[in-house]
Structure formats: structure tokens, C-alpha cells
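Chains as they are written, first to last, in our numbering: chain A, 9 to 955; chain B, 11 to 385.
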């Protein structure tokens, strides 16, 4: 081959001379310009002379793909070297199971050797069908005896070599892009074969300005893509190399991307050499596919004959990389690599058309999904011969550079089709468009193309014409005409990863959702109804869906009807599923484990063992484990962790959460298990002691809210019986309450309530204290705060409800308006936000207290203002503890049958003393006498009751 | 001749002002020309957007309208097609200027203009009668006064309709038949009662996007126009270019020789950019200046400052004057606009003058004084 190349040197001399003359004429020669111009020719020359055939490509270029197909058909290389991260190689075999475009992804969460906090790291390399690399991959994988070798640095090196922050060179992230399709790659760093674009803005602006085009994709299409589509192989190769060389030589000196690029070139040539040595392949049977930028590399390692010292490849870090395929889309690729909107779609359309016209059968992986048109193409062009490219390559550059780009002639049918379709689309999109508009678009397209110096309107001309003729208003929310044009010209194509290429977890999910009978690859939202009573076999599906709901982002699976809560078993559920649209999320779940359960377990365990985890978090995890994972093992593990966390907690911030959770869990266990799990008992005893200890501090501490203290008291009082049965001591609580000396009014009220509950403060004294507050004009403004405390006290001391109603009524009656009115919103908000479950209690109590109708209201006296009944007086005056139980039917019964009480007293060692026989109270005697004298009334009532 | 004419006119129309340039372009134009156009579409584009070295012309054609190339191309192409052209944009974006340039380049006549107002009647679009001639001689072509649009039809040139949406809907709709059938019939006459449009006739209308909806176009009329939307220039370099170009022209017109220092131009552009950003983030109309803050507005401010320093100052443009002119031109509503400017002056200009110093300090001072005078 090298022998063939020798005449080339002389053929380029003419061009070199011509360029040097031009440089001379422009700037006097001998300067940078002539250096650049001559250097470009040298670069091309050097690439052609290289023993290993180099195939320069550009990304998303149908011309590249076409030239690749032709070259592969004629040359039939045995080894194909490809500029792609070498560790992505195993993924390529799975491409045939996918609908393109998809992206090869490498993903790492467990970092080793990278700064902590920089993870998770993710790299994507999108693959579209209209690309040279796909042609090479398809050829190499489906032709027996052909080896495909990826030679670029590993994904680990991608991050090792990133300068500074991770978004330095490679465009990462989806900032400023809208639309769900454009965000398909998440925030991964993109790598691509054949990145070919001016390296500084001024050059690009200059090219666009003089090319009289709007953006880079259009420039490329007009000046490179179209002229090269029908060109022969030598012209293609030389022109591509020339452009690569131009961008390589014209770059800002401070561009640090070049250093990385050169490093990569060294890497690639070293790998190629290693492979050639190891396999003993003949370089003449090999093809090296790389970006045009790298094809004209000037590193010392370039070329098989290079005598540079061996390049030492730096070792990878210890990071564990996981690999997979994720769905991609044209718009995601455009967003990631900063291409004009719609350019990838237009490239795909051009490729399809070139395939139909050019008489080339493109390579396609066997079993490749999607792309129905392609199979038809293969049939129609079968047997057509690729153009012959035998013989030595001459100077094709001079011709290419001298002539204006040869553009296609007008394809009227195609344009007419577009015009009719765009009007149809526009009408469907809510525009007032008619056949007259189709005609106008047709005419305007041709005129615009003529004005821009081309015979055939490009898709960009057509889009401009359509905007001019159809778009009259800008309506927010409506697709604009430019977007409609994109849809028309192929639209955004969204890839999907086929079942066989999915990670085990995703496959498992698909299998388990099979009974639903849905097509999970569809990108639309699908509604599914599960009648679990009629079809109990669907219950496992429901389980999977709930787990997915827990793991996936919002919107992937969404329950419309049905909840999963402790102690509930749904009969019917309905779901909105958008699994197809969230395939990437499911695939990325697959990097975390083999089944959904495993991932769920890991996630729960991780949250529970995080350093900042709290008892509340752990209890939530217990509930989740019961709901989603079943079985006692995880619940017990997380429960024990909750006990541990509670014991070490120094704040009581999430006391309300803890109380709510543990109550619910206790209720669940009581209902379903014969006995409480050990950790529950431990939690209650530990909690009792813990909150008793913290109670005085919490009462005094200004930072602890009244709600938190209320929840602590709630824990202590409502779980008291359980705690006492498990061996706790009530004295601890009494002591803690005695030690508490709050200052904030709300907490003082809370403390009073607690004391009342414990019997340390009689109800009447509590009332007296409140009345005192209300009668003291200095304290009145603070009264609402006390009331807030009482409201919070409803939770720990529900029996206080009548008193709270009384206090509220008094407040409404007696507080001056300037105090009352500003406080009302606060009261309502407190009630709604913190104690919604207590509002019914309050309302019921109020209903009991207040009269039901307006008429009664006039004559109504609140119970607390009624004169005290004598019996109550008696109670108050009598010694504490002696009064209750002396009279009444129970006492009479006991007095009549004293044996049982005597036996108990004997057992306890107390003397059995019975009070003297009951003397009827004076009032009762009179009543009886009265009734005995006039028995008619009683008889009538008895008759009434009998009936 | 042309020079004399230009000297006698306060503002010469584009075809007079650039007559020599248009003559020369016509002489070298060998491209295909639609209808009776005087220049080919490419030359029209060249005239509007200016030439470059790569065009290989012997003579440099200056750029006259600054904006995206695509807008000009779409406009030219529309005029070559069957439809009228409607330029829509905020006030001061150069719609009328573009319309004038296009009409001048295509048919050397940019003065056939109908100004749309609430008082525009159908007569202004079609024709009216010279009452005394009608009384003397009866209704005939002689006693008819054709509107500018009708004249354009008869001559096969471009007619212009400024502020189309300001005129009422029924008046607008008189254009429908003109644009589709391309003739106007005169029922008052028995013979010779139809005026047919000659090839080359088309209409360039402009509409203010802020006023849209005052008299929105009927869909029948919309269908007969191609809409080209012209955005407010936001690129600082092209805006600087426009301001420099237009002020140079104004100075020439006023015969004032005065330099605009680049630092002052920067201050002007920067303060407009700030005010625009503030207007964009405002939530109610009261927080926005009434002015649209367009490029034309900037030119107005600069012109005001230049005239002020020329006639009342020491013939040097100073930052104080510029600050005063800015406040003076933008404060239109008494409390609201002044409050916004006051906030801007103390919240943005003051810190900037402390940080950057230089001309900003005197700019601050000038503005502050004017604000205190006005309030």
C-alpha cells in the first residue's frame, strides 16, 4: 500500500505551491498563514501515507456513514479499530437488541481515586443509525472473522483527564434544555466519535457569516455534507482530513482540550500497536476509524512506523464501573453536544434518502429493532455496485477546493410533499393554514434557496419559508412552526433498549409485570386497573408496582386509586404507568442490584445507617420494610437500629414523628402478631426513660417547640400502661414533671395539663389559675399562648377536652378584641397543621357543652358558671380520696356482700372495716316519701316504658 | 441635483439619499429580477445589509439595517411572491426603516405611504374625489384622487402601510381585495372603472406588537400577508453599531461636529441593558418604565444629549448631560417612572460609580440633578 502512495507526494506539490502563492499574495508570505496553509496539505499528505488506513469521520454525518459503507464493501477489512472507550466493547453486542438511538453508558457510584462527593459519575456515548461508527460496528459484528477493537481511553480515564471541574471539556448536563426527551441522558458526560467543530467562537462565527447560514449544522450540511455525499472515497478522505487539520491548526493557544486530545491519540496508537503485535494482523487488512481531528494528529506516536518511546498508559483508578445501555433520542444528542435543534433528525432523514438513492446497502446488525424503512431500502438497492475506488489516490483536494459545492438539483416532488405535509401538520397544530399556504411555502422555499445561492431548498430553507408563510401568532403552549418542520423532517426519534439488553433487574421487572398484559415499551402513559379481589393472582404485580413507586422518580408509576398503609389491604387499585418513558431510571436501578427487593433493601439500610439518621427515619424504614419487603427480619433489624438511635438522640425535634410512627407500628403488631416484637418493647421502655430524662430540659429549652414537648408527653402518657407493664417506674415521670419549670406560657399550660393528668393538680385549681390569668390585665395579652399550650395538651391528656372548650369559650368571651383577633389565625393554623386529628374531639366536646338551637341559647348558662351542686361542694370539702365511692349502687352491692372485700383485705393484711349502715341522705328520703304519696305518675311512666 | 435635493430636505427618503449607490448597484446587477424590480433580490439584500470583502465589489456598500440576515431574506422573498409583507415588532426595532429601504431598493420609491390611524378611512386606501372638479366636470378619472396604494398599483411598485393595526378593521379589510384580486374597481365611473395592479406591486405593512389587539387583523387579511417578526436587538455589539450609525446620520443632518466617546456609548448601552433587565423582572406595569427601551429610544437619548451639549454646553458630550438626557427622555409618567429611575440611580448607578469611577460618577451626578428637578 505504501508503494501505491508514493506518487501522491508529487500530486500535492501543485496544491501546496498554489496555497503558498495565495499566502504570499495575502500577507507577503513567510508567516503564520503560509505555515498553516502548507501545514494543512502536509497533514493530509501524512495521513494518506500512513501504512494503516485511517478513516476520518465526523459525528452524525450521513456522508461519513455512506463513505464508510462503500469502503467497507470494497476493502472488507479484517480488523476495525474504533475511537471509542475501550471498556464499552461488551455493550456493542447488545446493540442489536435495541431500537436506536441508544447510548452506551458507564456508571459509577462507588468512587475510588476521585475526589469524594464528585459521584455518581456517568458517561454516555450515543449511537445513531446514521453514523459511520454504527456502520463499522454492524459490519464488524456480523461478518465472521472480523475483529472490532475499541482503542480509545477507558471511561475511567475520561474522568481522570477532565480538567478541573467535571464539566470542563465535555459538555455535560442538560442546563437550559427543556423537554423530557432532551433530558434523556440525565447529567452524564457525553463522549462521541468524530467531534469536529471549530474550537473557538470567532472562527465559527466567521464561517457562518461568510457561508451565509444560521448555525453550524447548516454550514456543515451545505459545505461538507452535500458535496461529499456523492464524492468518491479519496475525495472524501482528503477533504475530511483537510477540515480536521484546519480546525486543529486554527485553535486558541490556551485551549487545554488539545492536551487531552493528544493524550488520547497516544493512547489509541499505543493500543493499535499492541493489538497488531499480539494478533499478528496485517496492517493492510485493518481500518482505523477516528474523528477527522485525530486523523491528522501530530503526536510522535502517530503511525505504525513511529519511533517514539513507548507510551505508558496510566492505570485506572479503583472505581468500580458498571455498564449498560440506556435509551437516547435525537434531541438528547443535540442538547448534549450543542448541536442545532433538529440537526440530528435532519441527518437521519438525509441518510435514509442517500441510502435509497445512492445504491448502497447499509450495514445493519442482524435482528436490529425498529427502522422499518431500512429493510425496504435493502431490497430496492440490492445488487447495485458500489463505486470503484481502486488505484492510487491522486490529488482530489484541488478540485474540491476550487469548485463551488456541487449541490443537488431541485427535487420538486420532495418539496411538494413537505409543503403539503407541513400545512396538514400546522392545521392539526391549531394554525390557520390552507392549501394556499402550501403553495406559498413552496414558492418561498425556492425563492429563498435562490437568494441563498442554491438550487435545491435545504430543510433549513424550507423551515424558514414555512415560518414566514404560516406563523402569524405566537401562542404560548402551541408548537411553533419551526418545531413542526422538525417533526415533519423525521422528528425526534427516541430509542429503546430491547429486553435482552436490559440488566437483570429491569428484565425481572418486565417479567413480573407481564400478567398486566401491557406493552411496557410504549412511551405513552398507560392506565391499568387491578381488581385484586377478582384476580388475586395480580397481587404480586401490585407489590412490584408499589416497590417501583418507592424507587423510581415521580411520574414513572403513579397510583390513582389505592394506598398502601399499615393494616390496609386494597381491594382495587388503578395505576398510571409510564415505564417506557422512564426506561433509563429502571436501567440505572439495575446498577444497584439484581432485583427490586435487593435495591429497596439496600436503600432502606443506607438511610437507616446514615450518620444523620434519626429514630423517626428508622421507624419510617421499619414501616416501609413491613409494607414492601414483608417478613420480620428487616423490620426487626431497622427496629433495633431505631432503639439505638433513640437512646443516643440528644434532641427531641422529631418526637411528634416518633410518636406517630410508633403508635401506628404498635397498632399494626397488636393486630397481626400474637405478641409484640422485642424491639418494640425495648423502644417503649427506652423511650419512656429517654423522654423522662429529657423532659425538664425540653420544658426549659427555648429552642424546643411546644409541639415537641406535647409529643413527648403524649409518648409518656399514652404508652404509659405498656411501659409500666414492661417494668418502667411511674415515679420517674412524676419526678420529671416536678423538675420541669418552663417559662414560656404555652409550655406552662402544657405542664399544668400534665400535672392534672398525673393528679398533681386538681381540675378546679387549674380552672382557678386560668381565671386568675384572665382577670389580671397585665397577663391577658399572653393568654392566647396559654391556650395554644392547652390545645397541644389535648394529645397527651385527651380527658382535658371539656376544660379546653371551657378555656376557649372564656377567651372568646372575655379577651379584648385587640388581643383576640390577631391570635385567631394562629389558632386556626395551629389546629389545622399540628393537631388535625384532635379537632373532632374539640368539636364534639363543644357540641356537648353548647346548646343546639338559638332558642336555648338565651336561657343557657355555661356549665362552669352554674352554681356548684351541693354534692360537688361536699366532695371539695371532704378529705382527699375519701369521698368517692361511699354511696351509690356499687357501694350498696359491696355492703350487701362483704365477703369478697373482706377476703382481699385479709390477703393484703388490712383490717376489714365497714362503715355504719348507709343512712339515706335527707334529700332522698323526702323524694321517696313524695313518690309513695302520689304513685300515679310513677305508674304511668312505668306503663310507658313497658310499652 | 441629488445633493441639492438632500440639502433642501430635512430628511431625504432612502432612494434619494442612497441614489448613487442604487444606480451603481443597478449598473452591475446581472442577476434575474422578478417583475419590474430595479434590483435582483441578492442586490437588494446587499443594499440593506451592506457588502463584505468576499463579495468582490469595487465599491463598499455600508450596512443600513442591523439585524438577522434571515429576516431580510424572508422579507425580500415575500415581496417577490404573491403575498404582502407584514413586519411586526416592538416600537423602535427598525421596522419602518427596513420597509423604506426595501421599497427604495426594489422600486426606487419609498414614499407611497399610508399612515394607519384611528381616523384612516377606506378613501385613504382606495381613492377619493376632488370635489370642485367633480362639480365642474363630473366624475371622471381626472377628478379622482388615487391613494398612495392605488398609485403603487398603477405603477407596479411597492406601497407601504404604516401601523396597520392602528386603523379600524373595516378599513384594514379594504386591503383584502387589493391583495388577492390585485385590482380596485371604481363603481362611480361607467367606463375605465377598474384599476389593475401592474406586475411588481406589493404592500409592506408594519404593525406594532405592543398595540396588537387594538384592531387585530381578520384572518382573511392575515392569510394574505406573510409575517416577519423583528425582535428587539439584545446583542450589545450590534446595538452599539446601530446607535453609532444612526447618530452619525443625525449629526450629519444637524451639521454638528461632535465626537461620541466610546465610554459614554458603553454607559448608555449598559444602563439600557440594566433597565431592560429590571423591566423583564417587574411583576406589574407600575414597576416598568412606560418606554419600550428600544434601540430607537437610545438613539433619542443620545441625540438629546448631543443637541443639548452642542447648543447649551461647551460642544463636548459629557456624562452629566447624558445622565440628564436619559432621565429626561425616560421619565414620562410623573410619579411611577421617576420612582423607578430614582431606584435605579441609587441602587445600580451609585454603587457602580463607586466601584468603577470614571465617567459613571458624573453620569450619576447629572441624572441625580435631573431627577431632583423633575420631582
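Just so it is clear, CB atoms sit at the ideal spot from N, CA and C, and this is done for glycine as well. All values derive from a computational prediction rather than experimental measurement.
* To do: Report buried or exposed for residue 807 (chain A), applying the criterion of at least 16 other Cβ atoms within 10 angstroms of its Cβ.
  => Within the first chain, the letter at position 799 stands for residue 807 (chain A). Residue 807 (chain A) is exposed by the Cβ-count criterion.
* Neighbouring residues, chain D, relative to residue 237 (chain B) (Cβ below 7 Å) -> The structure shown contains no chain D; its protein chains are A and B.
* Asked: Would a check of beta-carbon distances place residue 488 (chain A) closer than 8 Å to chain B?
  -> As a first step, residue 488 (chain A) must be located in the first chain, where it is residue number 480. It does not; no Cβ of chain B falls within 8 Å.
* Asked: Alpha carbon to alpha carbon, what distance is there between residue 50 (chain A) and residue 56 (chain A)?
  -> Walking along the first chain from the start, residue 56 (chain A) turns up at place 48. Walking along the first chain from the start, residue 50 (chain A) turns up at place 42. If I take the Cα positions, the gap works out to 10 Å.
* Asked: Quick one: does residue 135 (chain B) have its CB under 8 Å from some CB of chain A?
  -> Taking the second chain and counting its residues from 1, one reaches residue 135 (chain B) at position 125. Answer no: the Cβ-Cβ gap between residue 135 (chain B) and chain A never drops below 8 Å.
* To do: For residue 203 (chain A), name the three-state secondary structure that DSSP assigns.
  => Here residue 203 (chain A) refers to the residue found at position 195 of the first chain. Residue 203 (chain A): coil per DSSP, three-state reduction.
* Is it right to say residue 942 (chain A) is buried, meaning 16 or more other beta carbons lie within 10 angstroms of its own, or is it exposed? -> Here residue 942 (chain A) refers to the residue found at position 934 of the first chain. Residue 942 (chain A) should be labelled exposed.
* Could you tell me whether the Cβ atoms of residue 300 (chain A) and residue 65 (chain A) are closer together than 8 Å? => What you label residue 300 (chain A) is simply residue 292 of the first chain in a count that begins at 1. What you label residue 65 (chain A) is simply residue 57 of the first chain in a count that begins at 1. Yes, they are a contact pair.
* Asked: Under 9 Å Cβ-Cβ, which residues of chain A neighbour residue 55 (chain B)?
  -> As a working note, residue 55 (chain B) is residue 45 in the second chain. Simply 459.
* Where residue 8 (chain A) sits in the DSSP three-state scheme -> Absent from the structure is residue 8 (chain A), since the part of chain A shown begins at 9 and ends at 955.
* Measure the C-alpha to C-alpha separation of residue 202 (chain B) and residue 196 (chain B) and round it to an integer number of angstroms. => Counting from one through the second chain, the residue named residue 202 (chain B) turns up at place 192. Counting from one through the second chain, the residue named residue 196 (chain B) turns up at place 186. In a straight line, the C-alpha of residue 202 (chain B) is about 8 Å away from that of residue 196 (chain B).
* Does DSSP put residue 320 (chain A) in a helix, a strand or coil? -> For the purposes of this step, residue 320 (chain A) is taken as residue 312 along the first chain, with counting starting at 1. In this structure, residue 320 (chain A) counts as coil in the three-state DSSP scheme.
* Which of the residues in the region 81–98 of chain B, read from start to end, lie with their CB under 8 Å from any CB of chain A? -> 83, 84, 86, 87, 88, 90, 91, 92, 93
* **Proximity below 8 Å, CB of residue 698 (chain A) to CB of residue 654 (chain A)** => For the purposes of this step, residue 698 (chain A) is identified with residue 690 of the first chain, where counting begins at 1. For the purposes of this step, residue 654 (chain A) is identified with residue 646 of the first chain, where counting begins at 1. Their beta carbons are under 8 Å apart, which means residue 698 (chain A) touches residue 654 (chain A) by this criterion.
* To do: Spell out the partners DSSP gives residue 64 (chain A) in its beta bridges.
  => Start at 1 with the first residue of the first chain, and residue 64 (chain A) comes out as number 56. Per DSSP, A:298.
* Asked: Over what stretch of residues does the beta strand (DSSP E) that includes residue 535 (chain A) continue unbroken?
  -> The residue you call residue 535 (chain A) lines up with position 527 of the first chain. Taken as a continuous stretch (DSSP letters only), the beta strand (DSSP E) holding residue 535 (chain A) covers 534–539.
* In chain A, which residues lie less than 7 Å from residue 64 (chain B) when you measure between Cβ atoms? -> By one-based count along the second chain, residue 64 (chain B) stands at place 54. Ordered by position in chain A, the residues that pass the 7 Å Cβ test against residue 64 (chain B) are 218.
* To do: Tell me, to the nearest whole angstrom, how far the beta carbon of residue 704 (chain A) is from that of residue 748 (chain A); I am working on the premise that it is less than 8 Å.
  => For the purposes of this step, residue 704 (chain A) is identified with residue 696 of the first chain, where counting begins at 1. For the purposes of this step, residue 748 (chain A) is identified with residue 740 of the first chain, where counting begins at 1. Between residue 748 (chain A) and residue 704 (chain A) the Cβ distance is about 5 Å, and since that is below 8 Å, they are a contact.
* Three-state secondary structure (DSSP) of residue 125 (chain B) -> The sequence position of residue 125 (chain B) within the second chain is 115, counting from 1. Three-state DSSP puts residue 125 (chain B) in a strand.
* **Among A:583, A:482, A:486, nearest to residue 526 (chain A) - alpha-carbon criterion** => Here residue 526 (chain A) corresponds to residue number 518 of the first chain, with the count starting at 1. Measuring from the Cα of residue 526 (chain A), the nearest candidate turns out to be A:583.
* Asked: Secondary structure at residue 156 (chain A), three-state DSSP: helix, strand or coil?
  -> As a working note, residue 156 (chain A) is residue 148 in the first chain. Three-state DSSP puts residue 156 (chain A) in a strand.
* Taking 8 Å as the CB-CB cut-off, is residue 229 (chain B) touching chain A? -> Taking the first residue of the second chain as position 1, residue 229 (chain B) is located at position 219. Chain A, which has a Cβ nearer than 8 Å to the Cβ of residue 229 (chain B), makes this yes.
* Asked: From what residue to what residue does the beta strand (DSSP E) around residue 231 (chain B) run?
  -> Taking the second chain and counting its residues from 1, one reaches residue 231 (chain B) at position 221. Not the beta strand (DSSP E): residue 231 (chain B) falls in the alpha helix (DSSP H), residues 229–233.
* Asked: Got a sec? Which residues, its chain only, sit under 7 Å from residue 390 (chain A) by beta carbon, not counting five neighbours each side?
  -> What you label residue 390 (chain A) is simply residue 382 of the first chain in a count that begins at 1. Annotation note: pLDDT 37 at residue 390 (chain A) (below 50); position unreliable, no value reported.
* Contact between the region 103–123 of chain B and the region 233–241 of chain B (3+ Cβ pairs under 8 Å) -> yes
* Going by DSSP, what residues sit across from residue 93 (chain A) in a beta bridge? -> If you number the first chain from 1, residue 93 (chain A) lands on position 85. Its beta-bridge partners are A:160.
* Is it true that the region 458–470 of chain A meets the region 221–233 of chain A, where meeting means three or more beta-carbon pairs spaced less than 8 Å apart? -> yes
* **Cβ distance (whole Å) where residue 58 (chain B) is taken to contact residue 22 (chain B) below 8 Å** => Position 48 of the second chain, counted from the first residue, corresponds to residue 58 (chain B). Position 12 of the second chain, counted from the first residue, corresponds to residue 22 (chain B). At roughly 17 Å, the Cβ-Cβ gap does not stay under 8 Å, so residue 58 (chain B) and residue 22 (chain B) are not in contact.
* Residues of the region 24–52 of chain B with a CB closer than 7 Å to any CB of chain A: list them in chain order, please. => 51, 52
* Would you check if the distance between the CB atom of residue 329 (chain A) and the CB atom of residue 114 (chain A) is smaller than 8 Å? => Position 321 of the first chain, counting from 1, holds the residue named residue 329 (chain A). Position 106 of the first chain, counting from 1, holds the residue named residue 114 (chain A). Yes; because the gap between Cβ atoms is below 8 Å, this pair is in contact.
* Determine, using beta-carbon pairs with one atom in the region 736–750 of chain A and one in the region 826–837 of chain A, whether at least three such pairs fall under 8 Å. => no
* Considering only residues of the same chain and omitting the five flanking positions on each side of residue 254 (chain B), which have a CB-CB separation below 6 Å? -> Residue numbering aside, residue 254 (chain B) sits at position 244 when the second chain is read from its first letter. Here the set comprises nothing.
* Would you list, in chain order, the members of the region 228–244 of chain A that have their beta-carbon closer than 8 Å to a beta-carbon of chain B? => none
* Asked: Between residue 220 (chain B) and chain A, is there a C-beta pair that is closer than 8 Å?
  -> By 1-based counting over the second chain, the position of residue 220 (chain B) is 210. Output row for residue 220 (chain B): interface = no.
* To do: Can you pull the chain A residues whose beta carbon is under 9 Å from the beta carbon of residue 232 (chain B), in chain order?
  => Residue mapping note: residue 232 (chain B) aligns to position 222 of the second chain, counting from 1. Chain A residues near residue 232 (chain B): 440, 480, 481.
* So, using beta-carbon positions, are residue 756 (chain A) and residue 797 (chain A) closer together than 8 Å? -> Residue 756 (chain A) sits at position 748 when you count from the first residue of the first chain. Residue 797 (chain A) sits at position 789 when you count from the first residue of the first chain. Taking 8 Å as the Cβ cut-off, residue 756 (chain A) and residue 797 (chain A) qualify as a contacting pair.
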